[in-house]
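Novice: Per this note's numbering, residue 92 is the first one in the sequence shown, and the count goes up by one each step. Positions of the beta carbon are idealized from the N, C-alpha and C atoms, including for glycine. Dropping a structure here in structure tokens format, bear with me for questions.
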Amino acid sequence: MTGYKKAALIGLSVLAIQAISSLSNVSAQESLLATLDVDHDGLISLKEAAGHQTLLENFNLIDVNEDGYISMDELIASNMTEG
Ligand SMILES: [Ca+2]
Ligand SMILES: [Ca+2]
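Shown next, in the form of structure tokens:
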């Protein structure tokens, strides 16, 4: 195997790993939203965030558009998980 091919193969593996880890992150946030979204409107209100200490403490930071709710997009951007 040439050095170039090796580098290309390593590059592809890194991309694959990044794709897999970003997918698993999304599902972590999906399950977090599902856990906290008591009224099933797809958003986490301040009241619903009370079930997650870290989320509650960072609510204003995560709520980027300041509508008082954390959307799936905002949750993904925050990288917040259940842990
Ligand atoms: Ca909700
Ligand atoms: Ca928001």
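Less than 6 Å between C-beta atoms, sequence neighbours within five positions excluded: which residues of the same chain meet that for L134?
Specialist: Start at 1 with the first residue of the sequence shown, and residue 134 comes out as number 43. Correct list, in chain order: Y160 and S162.
Novice: DSSP has I161 in a bridge; who is on the other side?
Specialist: Start at 1 with the first residue of the sequence shown, and residue 161 comes out as number 70. Beta-bridge analysis with DSSP links I161 to I135.
Novice: Could you give the first and the last residue of the continuous alpha helix (DSSP H) run that contains N151?
Specialist: Here residue 151 is taken as the residue at index 60 of the sequence shown, counted from 1. Residues F150 to I153.
Novice: In its own chain, which residues sit with a C-beta less than 8 Å from the C-beta of D158, not counting the 5 before and 5 after it?
Specialist: Position 67 of the sequence shown, counted from the first residue, corresponds to residue 158. For D158, there are no CB contacts under 8 Å within the same chain when 5 residues up- and downstream are skipped.
Novice: Tell me the DSSP secondary structure of A98 in three-state form.
Specialist: As a first step, residue 98 is located in the sequence shown; it is residue number 7 there, counting from the start. Reduced to three states, the DSSP call for A98 is helix.
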